[in-house]
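Numbering-wise (this note's numbering), the sequence shown opens with residue 371 and increments by one. Ideal Cβ placement from N, Cα and C applies to all residues, glycine included. Bear in mind the structure is a predicted one, so any value in this text is a computation, not a measurement. Notes to accompany the following structure.
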Amino acid sequence: METKFESFWFLALASKCSNFSSQNTLLIFFFTFIIWISIAVFYWAHPGGPAWGKYRYNYKAQKPIKKITTTIPGPRGFAVIGSLNLMANLAHRNLAAVAERLGAKRLMAYSMGETRVIVTCNPDVAKEILNSSVFADRPVKESAYGLMFNRAIGFAPYGVYWRTLRRISAVHLFSPKQISAAEKQRYGIASQMVDAIYNKSLRNDEGVCVVRDIFKRASLHNMMGSVFGREYDLGSAQNEESEELGGLVDEGYELLGKLNWSDHLSWVSSFDFQRIRVRCFELVPKVNRFVTRIIDEHRANNKSNRSTYDFVDVLLSLNGQDKLSDSDMIAVLWVSNNISLIVFIVFFLNYI
Numbered sequence: 371m372e373t374k375f376e377s378f379w380f381l382a383l384a385s386k387c388s389n390f391s392s393q394n395t396l397l398i399f400f401f402t403f404i405i406w407i408s409i410a411v412f413y414w415a416h417p418g419g420p421a422w423g424k425y426r427y428n429y430k431a432q433k434p435i436k437k438i439t440t441t442i443p444g445p446r447g448f449a450v451i452g453s454l455n456l457m458a459n460l461a462h463r464n465l466a467a468v469a470e471r472l473g474a475k476r477l478m479a480y481s482m483g484e485t486r487v488i489v490t491c492n493p494d495v496a497k498e499i500l501n502s503s504v505f506a507d508r509p510v511k512e513s514a515y516g517l518m519f520n521r522a523i524g525f526a527p528y529g530v531y532w533r534t535l536r537r538i539s540a541v542h543l544f545s546p547k548q549i550s551a552a553e554k555q556r557y558g559i560a561s562q563m564v565d566a567i568y569n570k571s572l573r574n575d576e577g578v579c580v581v582r583d584i585f586k587r588a589s590l591h592n593m594m595g596s597v598f599g600r601e602y603d604l605g606s607a608q609n610e611e612s613e614e615l616g617g618l619v620d621e622g623y624e625l626l627g628k629l630n631w632s633d634h635l636s637w638v639s640s641f642d643f644q645r646i647r648v649r650c651f652e653l654v655p656k657v658n659r660f661v662t663r664i665i666d667e668h669r670a671n672n673k674s675n676r677s678t679y680d681f682v683d684v685l686l687s688l689n690g691q692d693k694l695s696d697s698d699m700i701a702v703l704w705v706s707n708n709i710s711l712i713v714f715i716v717f718f719l720n721y722i
């Protein structure tokens, strides 16, 4: 009679074949490696690379009746890693060149390791993608999750919480009324930028001025004003608080923008070769301390004594189903600072 132990064939095989020689062990590893390589090449042969080949094969296995006739053109890249090499240096130019070569400007598919990716240069297709509920969710990068972006509107999964954040942002951050109310602040910062560029050019014998640092400080001051209610003069010395926030934002942008192999190759996710995970763990406590300090200051101050309200005041005033926990509030404020950079850039272009 078969025992319960021997009903698991691999355990029974291991118990009956305990005397493996080193040669047999090497053969097993060799054949396993050959099988793995064969599967990888089989997936890689599909247009778009290994991730799309694996998806198409699994989709056919699940739905064998429905025949798939449409194939999105795209580069195969390399086996296993796909087209991760296209993300080096100027990725948008690399992708545009490949799309031009393959004639796939309307829609192109490629693989980033195990991640399926589509890209388009056609505005009508982009509009259709952005308005489709199929793309409401997106894979959360390890760095985005580590930096609390998964609790903000950009990466939060579609659902009640995401709709709440969208409603709060639409009403209190990006509404025409709020944007118009901050026009005076943006105009003042833009004027300070012009003065700073002029004064810096006068101090240079050749009249040359590198505007990168000035523009960076102006963006930080705009963030501090619209989100945290802080006001600083661009012509004065660097403020310690804005300098601290600038360091946090720079570190966060670098971690979010860096290509993380762990996001696309599951077999390296247990390792941290690029030290992205460690740097996220080191950055988050600093962000928590910075934002918590400002929230506590707003709670301690009497809002009735102030004529203007910032985004921190708005979040603290929410009640009912819109009320956020302290951890969610920190995440929303942290991401709102990064979004405010983009908003400032867009509106500053209207003044030049």
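| query | result |
| --- | --- |
| Supposed contact pair HIS668 and ASP692 - C-beta distance, whole angstroms, cut 8 Å | With 8 Å as the limit, ASP692 and HIS668 do not qualify as a contact, their Cβ atoms being about 17 Å apart. |
| Chain-order list of residues whose beta-carbon lies under 6 Å from that of VAL702 (same chain, five-residue window excluded) | ALA522 |
| Inter-residue Cα distance where the pair is SER632 and SER606 | 43 Å |
| Rounded straight-line distance, which links the Cα of ARG573 to that of ASN630 | 42 Å |
| For GLY452, the residue or residues it bridges with in DSSP | PHE448, MET482 |
| ILE404, DSSP secondary structure in three states | helix |
| Within 9 Å, strictly: CB atoms of GLY444 and ASN455 | no |
| Option nearest LEU653 by Cα separation, candidates MET593, ALA552, GLY516 | GLY516 |
| For GLU610, the nearest candidate out of ARG587, LEU625, TYR623 (CA to CA) | ARG587 |
| Burial state of TYR557 (16 or more Cβ within 10 Å) | exposed |
| Cβ pair count under 8 Å reaching 3, the region 488 to 503 against the region 472 to 479 | yes |
| Closest Cα partner of ALA560 within the set SER539, THR534, HIS542, LEU590 | LEU590 |
| Any non-hydrogen atom of the ligand FMN closer than 8 Å to LEU604 Cβ | With respect to the ligand FMN, the structure offers nothing, as it holds no ligand at all. |
| PRO655 versus ILE700 - alpha carbon distance | 11 Å |
| Selection from TYR528, SER695, GLU601 that minimises the alpha carbon distance to VAL510 | TYR528 |
| Beta-carbon proximity list for ILE584, same chain, < 8 Å, skipping 5 on both sides | MET563, ALA566, ILE567, LYS570, LEU604 |
| Alpha carbon of SER706 to alpha carbon of ASP666, nearest angstrom | 18 Å |
| DSSP state of ILE342 mapped onto helix, strand, coil | Since the first residue of the chain shown is 371 and the last is 722, residue 342 is not available in this structure. |
| Per-residue DSSP class, three states only, for VAL541 | helix |
| Where VAL638 sits in the DSSP three-state scheme | helix |
| TRP704 and GLY617 closer than 9 Å at C-beta | no |
| Segment contact, 8 Å Cβ cut-off, at least three pairs: the region 454 to 470 with the region 397 to 407 | no |
| Opening and closing residue of the alpha helix (DSSP H) in which TYR557 lies | 553 to 573 |
| Supposed close pair VAL450, PRO420 - CB separation, criterion 8 Å | 6 Å |
| ASP633, enclosing alpha helix (DSSP H) - first and last residue | Unbroken run through ASP633: none, as it is neither H nor E. |
| TYR425 to GLU484 span [Cα, whole Å] | 10 Å |
| Integer Cβ distance of ALA514 from LEU626, believed to fall under 8 Å | 6 Å |
| Backbone secondary structure at VAL661 - three-state DSSP | helix |
| Neighbourhood of TRP414 by C-beta distance below 7 Å, restricted to the same chain and skipping five residues each side | PRO420, GLY423, ARG446, ALA449 |
| Proximal residues to PHE505 (C-beta, below 6 Å), its chain only, five neighbours per side dropped | ILE499 |
| Residues of its chain near VAL578, where Cβ-Cβ distance is below 8 Å and the 5 sequence neighbours each way are ignored | SER571 |
| Integer-rounded CB distance, given that ARG508 should sit under 8 Å from PHE525 | 7 Å |
| Three-state secondary structure assigned by DSSP to SER489 | At residue 489 the sequence reads Val, which differs from the Ser that was named. Strand. |
| Rounded C-alpha distance that separates LEU468 from GLY452 | First, the amino acid is wrong: residue 468 is Val here, not Leu. When rounded, the distance between both Cα atoms is 14 Å. |
| Through-space distance from ASN428 to THR395, alpha-carbon basis | 31 Å |
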